[in-house]
Every structure is written in C-alpha cells, then in structure tokens.
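Novice: I am attaching a structure below and will ask some questions about it afterwards.
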Amino acid sequence: MADKTTIYYFDGRGKMESIRWLLAVCGVEFDEVLLKSRAQYLQMVKDGLMMFEQVPLVEMDGMRLVQSRAILNYIAGKYDMNGSNLKERATIDMYVDGIRDLMDLIMRHPFLPDAERDASLDLLNRRATKRYFPVFEEALAQGGKDFLVGTKMSLADVQLFEAILLVEEKVPSVLGPFPQLQAFRKRMELVPAIKKFLQPGSKRKPPPDEQYVKNVKEILDF
C-alpha cells in the first residue's frame with residue numbers, strides 16, 4: 001500500500017465530500033480512484049478492499065479505512081481537530097452528528113423522485129432554520145467565540161462550513177436570520193487551506209447532477 005493517501009469513491013460528493021474537505025483543511029495531499037463501473041466495484045469487493053463492501057474507502061497510513069464517521073474521526077484525531085479534552089471531544093461529536101443529520105437530507109435529495117423534491121427542500125429549509133442553525137448560532141454567540149468548541153478549529157467547524165455551503169446552494173438566503181453564522185462563514189472562507197479548496201481546479205466536487213445519480217445507481221445496482 002502506497003504511503004500517499006488515496007480515496008476511492010464515485011465521481012461526486014456524497015459521503016466522501018466531507019472527507020475531502022477535512023483532508024484539504026489538514027493539508028493532506030491525496031489521490032483519487034473514481035468508481036466508474038459496476039465491474040470495477042465488484043472487483044474491489046472480490047479483492048477484499050472494503051470491509052463492508054462499501055465506499056467511502058480511504059487508504060492512509062498503511063490502513064484501509066471505511067465508514068465515513070470512522071474515517072473523519074481518524075483524520076481529526078491525527079491532525080488535532082478533535083478538541084483539547086474529552087469534554088470538548090464529546091461536544092464536537094454531538095455537533096458533527098447533528099450536522100450530518102442535516103447533510104443527509106441534502107445527499108438524499110437528488111435521488112428522490114421529482115414529485116418529492118419540492119417537499120424535501122421545504123423540509124431542509126425548516127430543519128436548517130428551526131432545528132440546526134439556531135444551535136450553532138447560540139454556540140458561536142457565547143463569549144464571542146471564533147470556533148464552535150474551544151479556541152481552535154475542529155472537525156465540527158469544517159463540517160458546519162461545508163453544511164452552510166450545501167444548504168445555501170438550495171436556499172441562498174438561509175443565513176439571513178443568523179448573524180453569527182454569517183460572520184463564521186466569512187472567517188472560514190479566509191482560512192488559506194479552505195480558500196484554496198474553494199478555487200476552481202481543486203478536488204472539491206460540483207453539485208450532483210442526473211449523470212452522477214445514474215452512475216451511482218448503476219454501480220451499486222439499485
């Protein structure tokens with residue numbers, strides 16, 4: 001197994017995009033192997049590359065890492081993005097799981113029948129503005145903090161910034177009632193690694209289109 005980090009996923013965002021974000025913020029260069037056919041996927045299964053026959057798969061530090069939460073936690077732990085003590089780690093974990101619930105709504109959206117997509121967007125807007133973003137607005141307001149937990153950037157901050165961008169793609173005005181989140185978004189954009197990842201030509205993936213949905217369904221045979 002090569003020393004360089006390699007990620008295996010479809011040619012799109014999905015559950016791998018948060019991993020791409022975190023690797024980029026931590027300054028980790030990585031190669032990509034894009035799944036383009038069911039035969040390629042089945043060969044990976046046959047070769048025993050994926051513990052549960054699922055992607056995301058990340059080869060890193062001599063390991064084959066699967067399950068997106070485990071991958072994110074490993075990277076965050078290695079690069080000091082998991083807080084300064086156990087209590088901070090627990091808070092970060094709670095924030096990340098909450099953000100993931102919101103992001104799951106976004107990831108499911110392109111796979112829904114057309115007739116269900118408007119209702120899905122309405123639900124996304126309600127959940128973002130009534131359930132999730134108010135929590136992070138309050139957390140940032142406490143003591144005028146720059147970050148959600150402690151005095152340094154954590155996995156929760158990276159996940160929240162990604163989630164904000166994803167929701168804004170669907171609901172551009174979503175941050176209107178949240179001045180703390182607006183300021184947080186601007187601060188995060190100025191982080192050099194993030195600024196670089198936002199530029200054209202980076203390994204950040206575009207919004208999913210019908211071709212991406214078609215490819216995923218064909219590769220996974222559903």
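Residue numbering for the sequence shown is 1 to 222, as defined by full-length UniProt numbering. Beta carbons: idealized from backbone N, C-alpha and C, even for Gly.
#1: Given this structure, state the Cα-to-Cα distance separating L23 from R69, to the nearest angstrom.
#2: Can you list, in chain order, the residues of its chain with a C-beta nearer than 7 angstroms to that of V216? Leave out the 5 residues immediately preceding and following it.
#3: What span of residues does the beta strand (DSSP E) with E32 cover, start to end?
#4: For K203, does the three-state DSSP call read helix, strand or coil?
#5: So, with DSSP's three-state summary, where would you put M51?
#6: In whole angstroms, what is the alpha-carbon distance linking D221 and L165?
#7: Quick check: what's the CA-CA separation for E116 versus G62?
#8: Does D157 pass the burial test, meaning 16 or more other C-beta atoms within 10 Å, or should it be called exposed?
#9: Would you check if the distance between the CB atom of residue 223 and the CB atom of V167 is smaller than 8 angstroms?
#10: Whose CA, out of A128, V28 and I75, lies closest to the CA of V171?
#11: What would DSSP say about R64, mapped onto helix, strand or coil?
#12: How big is the Cα-Cα spacing for M1 and Y8?
#13: F147 by DSSP, collapsed to three states: which one?
#14: Taking 8 angstroms as the threshold (C-beta atoms), are G83 and G75 in contact?
#15: Quick one: what's got a C-beta closer than 7 angstroms to F133's C-beta in the same chain, skipping five residues either side?
#16: Is the Cβ-Cβ distance between G14 and M107 less than 8 angstroms?
#17: Between M50 and V66, is the Cβ-Cβ spacing less than 8 angstroms?
Specialist: On the basis of the supplied data:
#1: Indexing the sequence shown from 1 puts residue 23 at position 23. Indexing the sequence shown from 1 puts residue 69 at position 69. Between L23 and R69, the C-alpha separation is close to 14 angstroms.
#2: In the sequence shown, residue 216 corresponds to position 216, counting from 1. The residues are F10.
#3: Numbered from its first residue, the sequence shown carries residue 32 at position 32. Looking at the DSSP string, the run of the beta strand (DSSP E) that includes E32 is F30 to L35.
#4: Mapped onto the sequence shown, residue 203 falls at position 203. The answer is coil: DSSP assigns K203 none of H, G, I, E or B.
#5: By 1-based counting over the sequence shown, the position of residue 51 is 51. M51 falls in the coil class under three-state DSSP.
#6: Residue numbering aside, residue 221 sits at position 221 when the sequence shown is read from its first letter. Residue numbering aside, residue 165 sits at position 165 when the sequence shown is read from its first letter. If you take the alpha carbons of D221 and L165, they lie about 30 angstroms apart.
#7: Your numbering for residue 116 matches position 116 in the sequence shown. Your numbering for residue 62 matches position 62 in the sequence shown. For E116 and G62, the distance between alpha carbons rounds to 43 angstroms.
#8: In the sequence shown, residue 157 corresponds to position 157, counting from 1. With 16 or more Cβ atoms within 10 Å of its Cβ, D157 is classed as buried.
#9: Since the first residue shown for the chain is 1 and the last is 222, residue 223 is missing from the structure and cannot be characterised.
#10: Your numbering for residue 171 matches position 171 in the sequence shown. Here the closest residue by C-alpha is A128.
#11: Counted from its first residue, the sequence shown places residue 64 at position 64. In this structure, R64 counts as strand in the three-state DSSP scheme.
#12: Indexing the sequence shown from 1 puts residue 1 at position 1. Indexing the sequence shown from 1 puts residue 8 at position 8. Only weak support is given to the placement of M1: the predicted model assigns it a pLDDT of 48, under 50, and the question is left unresolved by the model.
#13: Taking the first residue of the sequence shown as 1, we reach residue 147 at position 147. DSSP places F147 in coil when its eight states are reduced to three.
#14: For the purposes of this step, residue 75 is taken as residue 75 along the sequence shown, with counting starting at 1. For the purposes of this step, residue 83 is taken as residue 83 along the sequence shown, with counting starting at 1. According to the sequence shown, residue 75 is Ile rather than Gly. It is not a contact, given that the beta carbons lie outside the stated cut-off.
#15: Counted from its first residue, the sequence shown places residue 133 at position 133. Here the set comprises F178 and L181.
#16: One-based indexing of the sequence shown puts residue 14 at position 14. One-based indexing of the sequence shown puts residue 107 at position 107. Against a cut-off of 8 angstroms, the Cβ pair of M107 and G14 comes out as a contact.
#17: Looking up residue 50 in the sequence shown gives position 50. Looking up residue 66 in the sequence shown gives position 66. Yes, these two residues count as a Cβ contact at 8 angstroms.
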